[in-house]
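Peer 1: Which chain is which? The protein sequence lines are A and B, in order. Using our numbering, the first residue of the first sequence is number 1, and each one after it goes up by one. Using our numbering, the first residue of the second sequence is number 1, and each one after it goes up by one. Note that CB positions come from ideal geometry on N, CA and C, so glycine has one too. Bear in mind that the values here come from a model prediction, so they are computed numbers and not experimental data.
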Amino acid sequence: MEKILTVNYEKCTGCRLCELVCSVKHEGVSNPSKSRIQVVKWEDEGRYVPMICQQCEDAPCQSVCPVGAISRDKEFGFMKVNYDVCIGCRSCVSICPFGAMNYNTMARKVFKCDLCDGDPQCARFCEVKAIEFVTADKVSSLKKREGAARQSAAGKQALAIEERA
Amino acid sequence: MALDRKIAYIDLSTGKSEIKPIPLEVRKKFIGGRGLDAYLLFNNAPQGCDPLGPENTLIISGGLLTATCASATSRTHIMAKSPLTGLLGSTNMGGFFSAEMAWADFHHLVITGKAEKPVYLWIHNGQIEIRDAVKLWGKSSTETQWAIREELGDQEIKSAVIGQAGENLVTYANVMTGIKNAGGRTGMGCVMGSKNLKAVAVRGTMDVKIAHPLEALEFNKKFIEQITTAKVNKTQGTLGTHFIWGATNSWGGIRTRNFQFNQMENADELEPESLDDIATETMGPYHMTGCFGCQVHCRAQYRIPSGPYAGIYNEGPEYTSFGAFGSEPDCNKAETVLTANYLVNQYGVDNLEIGSIISWAMELYELGIITSKETDGIDLRFSNADALIEMIHRICTRKGWLGNVLADGGIPASEKIGKHSFDYLIQVKGMNNLHSDERATPGLALNIATSSRGSDHLRSRPAIDLYHLPESVLRKIYSSPVPYEGPLSSDSMEYIGKPWQVFWQENCYMAVDSIGICKYHTTFLGATLPNFEDWPRAIYLNTGLELTPKDIWDAAERSNNMERLFNLREGLTRYDLVKGDMLNHRYFDEPCLRGAPDVIGIMIDRKKFDVMVDEFYGHHGWDKEGVPTQATLTRLGLEQEPTHLL
Ligand code: SF4
Ligand code: SF4
Ligand code: SF4
């Protein structure tokens, strides 16, 4: 079954280790600007949201590509760029709603998450499990559980406040 | 390789800068970070220079492994001659600054001179620009950071800045980065202020090459496991650094009411767990945040629950804030600690120093040494939280007679106040103590007395001493990488063997500060954490540099001696209460009054303490005055200093 990367930004500590390991794995260098995952931060309120490619079913990057360079990898299910065909027009970069298609100014190439060929390093290194690699059907049940847990915690808290008052 | 990051020499008087590489031989001698900073300071700052004069040299650096694929290596180190102590100034902070600086191509910035009007440095992918900061002057530490991002149009910029305390030359002003990363000790923010340097902003998108990337990645995974499986780090990762406050307090190791007691009573609200209930959005598994690449994530996120700053987001409060704004002034409301913690982060002032100095003033007030005349009518008694908060404002803005006097630091203030006020000042080398009470732990007392930057708990603290580990475990840790067969004791109340532990930790932390790692990722609070034996592989895989554990040890010892030479040059003498390796008399004369049965009645034995210092000097190869012997200097290759290799 196809697995996907899920993000629970509430768990993210903002450490950016995911950015680091992604760049080391793919480029052999430490350079977050070459990472396929990027953590967007609002430091003044302590909110961090890791942004990754959603490997969209109906992928805008694929539809916008004028030469058909983007297609789904059969084995791992991610959207991949065929560099023999890609003309570097960067249409995919501007259309991706998640900013997940990137551009390397030195190599003059677009690049994106390839799920590390089935062993995503970002998920592997994220100690708090803000990023997880799970089968698609698990995602919604995971989210349900988390949502329910939040509701029940809020309920308990409200009760406690009432009791105190 | 990762080692091609450079040094920039920036003269704010002329506006000129020069960029130089770091030769490999210098790397091997001083590694990087704090070690290399010590070398640069000794070689660049003229002897006897005015800490607030243009000739003082401010050095900002990242460590050897900063921005590489080794976990938690983003400590930023800052060094200069200290305006607080007149000796070595040195401070270390977490966050994301030094990693960004490495991606911008630099490991060390050596800043001299003084700008005519407020400026900030803008460092971007190898380029250095001095920019106008007139509009930033007067802004708080976070306002400054956000304003720079706006001005330069890049939200990824990281800045090391000063707040109003640094502008007003409070001698213990911080350098800040992010919400709460504080380069707190010894007044490095004051040095920045004296240079009219409001901020250093960095942004980099350059590769830091990794020597053996895939192997480095795998090795890091193992390293991380070693770090995250340590129980102490799990606790820190959910409660924050003050998790230890409660335990230490109940045992009797927390300084209260300046130095009158060693335990705080009625402190329930200050327990880490109760804080979780009081502050909104705090603690708990989902509300922790960390530095670059760190899995310990030791800082809690919180919103101030009530009072004039209710609802404001902040991070921390660290162990030190609980002492500085809780136990020392004997204020037992969590709101006080959270509010004060927020204020010191915004003003950019050392929490520990300001809390300690206000508590000292409180004792003086209760003794009648200072009166309501000097306080402008403020009722400066212990437990008066409003007075504490008001004094923070006054010191940072130098308002009122007392605010202005206390802003100069403990020793100058004691000279102005007179009347034996100095006797009550709990300081070493002009820097006030942490809130911990070391009378029952001679090893820790030796650590604060001999630390190169004045009273300090992060320089050579054998903190694992408190765990009463079996002697065999201690022997394993402390006999490597150099063999040690002398005495060691599992009893933290003992004097025996402690000088070696302090000496060993001094080298260990120098290595840690030079590599650029956080102390929670080494033998600080956990005996199983990485150590001299573990670093060579991380260094090799990331940088290609081959070092043995002994090489790292030697470099650390060399760097510690550089710091010692600097202090001796600036006037350190062993028994001097102002500039020496000495403790306040209260350690020797006043017994502990509270705490566990074995703590009550205890104090430091003057004779035994003196023997410890002798022994400690002996391990270093220093004479009875604490001066490195010729043989020691020759052994470490320091006999020609200053050598100006850079
Ligand atoms: S590794 Fe995990 S915790 Fe760290 S920034 Fe990435 S998603 Fe957040
Ligand atoms: S790059 Fe963007 S558009 Fe393309 S699949 Fe990924 S998230 Fe969707
Ligand atoms: S799955 Fe791999 S390529 Fe994709 S973001 Fe994570 S580390 Fe990068």
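#1: Using the C-alpha atoms, what's the distance from Phe382 (chain B) back to Ser359 (chain B)?
#2: How would you call Asp386 (chain B), buried or exposed, if buried means at least 16 neighbouring beta carbons within 10 angstroms?
#3: Under the three-state reduction of DSSP, which class applies to Ala511 (chain B): helix, strand or coil?
#4: Does DSSP put Val24 (chain A) in a helix, in a strand, or in coil?
#5: So, at 8 Å on beta carbons, what are the nonlocal neighbours of Thr629 (chain B) in its own chain, with the 5 sequence-adjacent residues on each side left out?
#6: For my contact list, Ala67 (chain B) and Cys294 (chain B) are in at a C-beta cut-off of 8 Å; report their separation, rounded to the angstrom.
#7: Is the CB of Thr543 (chain B) under 9 Å away from at least one CB in chain A?
#8: Just the C-alpha distance for Cys291 (chain B) and His297 (chain B), rounded to the nearest angstrom, thanks.
#9: Looking only at its own chain, which residues have a Cβ that is under 8 Å from the Cβ of Met79 (chain A), when we skip the five neighbours before and after it?
#10: Do Leu58 (chain B) and Met79 (chain B) have their beta-carbon atoms positioned less than 9 Å apart in this structure?
#11: For Leu64 (chain B) and chain A, any beta-carbon pair shorter than 9 Å?
#12: Closer than 8 Å between beta carbons: that is the criterion. Which residues of the region 206 to 217 of chain B meet it against chain A?
#13: When you compare the CB positions of Ala199 (chain B) and Cys69 (chain B), do they come within less than 9 Å of one another, or not?
#14: Taking 8 Å as the cut-off, is the CB of Leu17 (chain A) close to at least one heavy atom of ligand 1?
#15: Can you give me the C-alpha to C-alpha distance between Cys396 (chain B) and Glu506 (chain B), rounded to a whole angstrom?
#16: Name the chain B residues that come within less than 7 Å of Gly28 (chain A), Cβ to Cβ?
#17: What does the alpha-carbon distance come out to for the pair Lys476 (chain B) and Glu494 (chain B)?
#18: Tell me which residue opens and which closes the beta strand (DSSP E) that His124 (chain B) is part of.
#19: Please classify Met283 (chain B) as buried or exposed, where buried requires at least 16 other C-beta atoms within 10 Å of its C-beta.
#20: I'd like to know whether the C-beta atoms of Gly46 (chain A) and Tyr313 (chain B) end up nearer to each other than 9 Å.
#21: Among the residues of its own chain, which have a CB less than 7 Å from the CB of Phe588 (chain B), if the five just before and after it don't count?
#22: How far does the alpha helix (DSSP H) with Arg72 (chain A) in it reach, from first residue to last?
#23: Is the separation between the beta-carbon of Val208 (chain B) and that of Val39 (chain A) shorter than 9 Å?
#24: In or out: Arg145 (chain A) buried (at least 16 other Cβ within 10 Å) or exposed?
#25: Give a yes or no on whether the C-beta atoms belonging to Asn713 (chain B) and Arg34 (chain B) are separated by under 9 Å.
#26: Using only the heavy atoms of ligand 3, determine whether one of them is closer than 8 Å to the beta carbon of Ile131 (chain A).
#27: Going along the chain, which residues put their C-beta within less than 6 Å of some heavy atom in ligand 2?
#28: Mind checking whether the beta-carbon of Glu208 (chain A) lies closer than 8 Å to any heavy atom of ligand 1?
#29: Which residue's Cα is closest to the Cα of Ile111 (chain B): B:Glu150, B:Leu41, B:Lys117 and B:Ser90?
#30: By the three-class DSSP mapping on this structure, what secondary structure does Gly526 (chain B) have?
#31: Is the CB of Leu115 (chain A) under 9 Å away from at least one CB in chain B?
#32: Considering Lys608 (chain B), what are the terminal residues of the alpha helix (DSSP H) in which it resides?
#33: Hey, is Ile37 (chain A) close to ligand 1, as in C-beta under 8 Å from one of its heavy atoms?
#34: Could one say the Cβ of Met283 (chain B) lies closer than 9 Å to chain A's Cβ atoms, at least one of them?
#35: Name the chain B residues that come within less than 7 Å of Leu20 (chain A), Cβ to Cβ?
#36: Per DSSP, what are the beta-bridge partners of His108 (chain B) in this structure?
Peer 2: Reading off the structure:
#1: When rounded, the distance between both Cα atoms is 7 Å.
#2: Exposed, by the Cβ-count rule.
#3: Ala511 (chain B): helix per DSSP, three-state reduction.
#4: Three-state DSSP puts Val24 (chain A) in a helix.
#5: Answer for Thr629 (chain B): Gly621, Trp622 and Asp623, listed in chain order.
#6: A Cβ-Cβ separation of about 13 Å leaves Ala67 (chain B) out of contact with Cys294 (chain B) under the 8 Å criterion.
#7: False, the Cβ-Cβ gap to chain A never drops below 9 Å.
#8: Going from the Cα of Cys291 (chain B) to the Cα of His297 (chain B) covers about 7 Å.
#9: Within the same chain, Cys53, Gln55, Cys56, Ala59, Cys61, Gln62, Ile70, Ser71, Arg72, Asp73 and Lys112 come within 8 Å of Met79 (chain A) by CB-CB distance, once the 5 residues on both sides are set aside.
#10: Using a Cβ distance threshold of 9 Å, Met79 (chain B) and Leu58 (chain B) count as a contacting pair.
#11: No, Leu64 (chain B) does not count as interfacial toward chain A.
#12: The residues in question are Met206, Asp207, Val208, Lys209, Ile210, Pro213, Leu214, Ala216 and Leu217.
#13: Cβ atoms of Ala199 (chain B) and Cys69 (chain B): not closer than 9 Å.
#14: Yes - ligand 1 has a heavy atom lying nearer than 8 Å to the Cβ of Leu17 (chain A).
#15: In this structure, the CA atom of Cys396 (chain B) is about 32 Å from the CA atom of Glu506 (chain B).
#16: Ile210 and Pro213, listed in chain order.
#17: Their backbone Cα atoms lie some 19 Å apart in a straight line.
#18: For His124 (chain B), the enclosing beta strand (DSSP E) has its first and last residue at Val119 to His124.
#19: Because the pLDDT at Met283 (chain B) is just 49, under 50, the model does not fix this residue reliably, and the value given afterwards should be weighed accordingly. By the neighbour-count rule (16 or more Cβ atoms within 10 Å), Met283 (chain B) is buried.
#20: Yes, these two residues count as a Cβ contact at 9 Å.
#21: Cβ neighbours of Phe588 (chain B) beyond the five flanking positions: Met603, Ile604 and Arg606.
#22: Following the DSSP letters along the chain, one finds Arg72 (chain A) in no alpha helix (DSSP H) but inside the beta strand (DSSP E) bounded by residues Ile70 to Arg72.
#23: Judged by their CB atoms, Val208 (chain B) and Val39 (chain A) are not nearer to each other than the 9 Å cut-off.
#24: Exposed.
#25: Past the edges of chain B, shown from 1 to 646, lies residue 713 (chain B), and the structure says nothing about it.
#26: At least one heavy atom of ligand 3 is nearer than 8 Å to the Cβ of Ile131 (chain A), so yes.
#27: One residue after another in chain order, those with a Cβ under 6 Å from a heavy atom of ligand 2 are A:Cys53, A:Gln54, A:Gln55, A:Cys56, A:Ala59, A:Pro60, A:Cys61, A:Met79, A:Cys96, A:Phe98, A:Ala100, A:Met101 and A:Lys112.
#28: Coverage of chain A is limited to positions 1 through 165, which leaves residue 208 (chain A) absent and any answer about it impossible.
#29: For Ile111 (chain B), the closest of B:Glu150, B:Leu41, B:Lys117 and B:Ser90 by C-alpha to C-alpha distance is B:Leu41.
#30: Here Gly526 (chain B) sits in coil by DSSP.
#31: No, because no Cβ of chain B sits closer than 9 Å to the Cβ of Leu115 (chain A).
#32: Counting along the chain, the alpha helix (DSSP H) containing Lys608 (chain B) begins and ends at Arg606 to His620.
#33: Ile37 (chain A): yes, Cβ under 8 Å from ligand 1.
#34: Its pLDDT being 49, under 50, Met283 (chain B) is placed unreliably in this model, and the value from its coordinates should be taken loosely. Taking CB atoms only, Met283 (chain B) has no neighbour in chain A less than 9 Å away.
#35: Result: Cys69 and Gly293.
#36: Bridge partners of His108 (chain B): B:Ile7 and B:Ser61.
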